[in-house]
Amino acid sequence: MRGLVLAFVFLSVGCGPSFAERFQEIEIPRLKDRASFDLGCPKEQLQTQTLGGNLATQGVSGCDKRATYVQTSSGWVLNSEPNAGETAKAQPE
72 MRGLVLAFVF LSVGCGPSFA ERFQEIEIPR LKDRASFDLG CPKEQLQTQT
122 LGGNLATQGV SGCDKRATYV QTSSGWVLNS EPNAGETAKA QPE
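Just so we're aligned, residue 72 is where the sequence shown starts under this note's numbering, counting upward by one.
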């Protein structure tokens, strides 16, 4: 009986969505809501990109702006100044 219960648990876990899929379904919409406000851009126009291989660090771009966000226990936090879509050029010293 115990083996049957363990088999059921393993099968039910294996058939569910992966962590990355759940992250895409739940956290990315939350991130886009926050970034839409910060960037002044409709969330439908925003694109996200995982930075550094860590799902908790996301780049968001849209409306010729981009910014970096980190996920905290309180939600998504802007971790950079929103800037133009082009890479910022170094200022001469």
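Using N, Cα and C, we set each Cβ at its ideal position, and we do this for glycine too. Since the model is a prediction, treat every value here as computed from it, not as a measurement.
Quiz prompt | Reduced DSSP secondary structure (H/G/I, E/B, other) of leucine 117 | solution = Coil at leucine 117, not helix or strand.
Quiz item: Among the residues of its own chain, which have a CB less than 7 Å from the CB of alanine 127, if the five just before and after it don't count?
Solution: Cβ neighbours of alanine 127 beyond the five flanking positions: Val141, Gln142.
Quiz prompt | Of the residues Ala155, Gly133, Gly124, the one placed nearest alanine 91, counting alpha carbons only | solution = Nearest of Ala155, Gly133, Gly124 to alanine 91, Cα basis: Gly124.
Quiz item: So is glycine 133 buried or exposed if we call it buried at 16+ other beta carbons inside 10 Å?
Solution: A buried status is given to glycine 133, since no fewer than 16 other beta-carbon atoms sit within 10 Å of its beta-carbon.
Exercise. Select from Gly146, Lys136, Trp147 the residue whose C-alpha is nearest the C-alpha of asparagine 154.
Key: It is Lys136 whose Cα lies nearest to the Cα of asparagine 154.
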